[in-house]
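Chemist:
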Amino acid sequence: MPTDTVLVTGVTGFVGSHVALELLKEGYKIRATARSQRKADEWTAKYPQGKENIEWGIVPDLSVPGAFDGLMEGIDYVVHIATPVSVGFKDNEKDMLRPAMEGLMSVMKAAANQPSVKHVTITGSWGSIGGHKAGQPGEEGRVYTPDDWNETTWEEAVNGPTGSSFVYCASKSLSEKAAWKFMEEEKPNFTLTSLCAPIIYGPPAQVIASMDTLPASCYEMWAIFSGKQQDLSRTLYPWFVDVRDFALLHVESLKNPKARNQRYLACGGYESYSQIAYIAAGAYPEQAHRIAKSDNSGPPPHADLDSSKAERDFGITWTSLEKCITDMAGVMYAREKELRGKDA
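Here the sequence shown is numbered in UniProt numbering, starting from 1 and rising by one per residue.
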């Protein structure tokens, strides 16, 4: 069992919770960050079994210079997941671009100043590979790989539609490019891995205080499971990865020599809202009356995402769409029932 300590940012989120639980299962110690003590306390209350092997650092603002300086001492590995909220921001530069860039660079600089840090893994995004509209209808036949980049400039992002996925995708691309530039110019002691994913689905492990405050991809699915989303003809993105697979890649990247200074694309398969509704209604017939009727039609025309590099280097077998959605809906229906019981 490993005895190393991993600094993990964004532990209380969708991906972060799964990464932390996987690390604890494998015997790592965790120094976790959260934006508030309340969030840290709620997470610890949900998972008291990990209390002895996790300590918390509160980082309210990722963009504050030196935000992570005091958290790096004695750290062996870093997993940086935290990122600004992806929708609804009011100022493209102030609320999204700068926090994403400065948060990641603060982690990189703090890690570079701590000789004990061996490796840093960062959570990238499909947005940094193709952008918010890439791969949609009209791009059939194109194949995106980890060598592709979203080429949106800082100026274009600043002046882009306020609060849009266009700006969020640009923030992921621009900050990741800065991280690789840092590696090239500063030559720190640690190695770097970037893991880029499209839409992430699967059973949420984070604290769910309300079904109305779920993170974007979870709320998107809850809208289908709860019947709020009745139009199944539109699919936001036709690719997905199960959050458990994505979390496992984060953990494996810390100890896999093949992952050093590499960038990966993690796509578990293709999907449509119609397929998702069909799976959920079939798995939970008692909920089927809430879900829009589905003909189980497949995804719209799309480009392909090539995940063969991740499959080769990590030996991963992706979780199927059916299991991903069945497990996700099950957790959400159970949590809805719990919350209704509290309100009764």
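We put the CB at the ideal spot given by N, CA and C, even for glycine.
In terms of residues, what are the limits of the alpha helix (DSSP H) holding Asp245?
Modeler: Run containing Asp245: 243-253, per the alpha helix (DSSP H) assignment.
Chemist: Which whole-angstrom value describes the C-beta separation of Ala178 and Leu192, a residue pair presumed to lie in contact below a C-beta threshold of 8 angstroms?
Modeler: The pair is not a contact, with the Cβ atoms about 12 angstroms apart (cut-off 8 angstroms).
Chemist: Thr44 by DSSP, collapsed to three states: which one?
Modeler: In the structure shown, Thr44 sits in a helix (DSSP, three-state: H, G or I).
Chemist: Would DSSP call Tyr270 helix, strand or coil?
Modeler: DSSP places Tyr270 in strand when its eight states are reduced to three.
Chemist: When DSSP labels each residue in this structure, what does Gly163 get in the three-state scheme?
Modeler: Coil, per DSSP.
Chemist: For the 8 angstroms Cβ check, are there 3 or more pairs between the stretch 264-271 and the stretch 301-311?
Modeler: A contact exists between the stretch 264-271 and the stretch 301-311.
Chemist: Leu321 bridges to which residues according to DSSP?
Modeler: Beta-bridge pairing links Leu321 to no other residue.
Chemist: Closest to Thr121 by CA distance: which of Thr152, Ser164, Thr162, Tyr77 is it?
Modeler: Of the candidates Thr152, Ser164, Thr162, Tyr77, the one whose C-alpha sits nearest the C-alpha of Thr121 is Tyr77.
Chemist: Any idea if Ala344 is buried or exposed, counting beta-carbon neighbours within 10 angstroms, 16 or more meaning buried?
Modeler: Low confidence applies to Ala344: its pLDDT is 44, below 50, so where it sits in the model is not reliable, and the reading given next is rough at best. The residue is exposed, with fewer than 16 neighbouring Cβ atoms inside 10 Å.
Chemist: Excluding the 5 residues flanking Gly16 on each side, which residues of the same chain have their C-beta closer than 6 angstroms to its C-beta?
Modeler: Excluding positions up to five away in sequence, the list reads Gly10, Ile81.
Chemist: May I ask whether a heavy atom of the ligand SAM can be found less than 7 angstroms away from the beta carbon of Gly160?
Modeler: Absence of the ligand SAM is noted for the structure shown, with no ligands found whatsoever.
Chemist: Using DSSP's beta-bridge definition, name the partner residues of Asp304.
Modeler: For Asp304, which the question treats as bridged, DSSP gives the partners Val143.
Chemist: Return the residue from the list Lys323, Arg340, Asp231 that minimises the CA-CA distance to Asp295.
Modeler: Nearest option by C-alpha distance: Asp231.
Chemist: Spatial neighbours of Glu102 within its chain, please: C-beta separation below 6 angstroms, excluding the five flanking residues on both sides.
Modeler: Closer than 6 angstroms at the Cβ level, and outside the excluded window around Glu102, lie Ser63.
Chemist: Output the boundary residues of the beta strand (DSSP E) element that contains Tyr28.
Modeler: Here Tyr28 belongs to no beta strand (DSSP E), and DSSP marks it neither H nor E.
Chemist: Using the beta-carbon count (16 or more within 10 Å), is Lys29 buried or exposed?
Modeler: By the neighbour-count rule (16 or more Cβ atoms within 10 Å), Lys29 is buried.
Chemist: Between the alpha carbons of Lys255 and Arg290, how many angstroms are there, rounded?
Modeler: Roughly 45 angstroms separates the two Cα atoms.
Chemist: What does the alpha-carbon distance come out to for the pair Ala292 and Leu104?
Modeler: One C-alpha to the other measures close to 40 angstroms.
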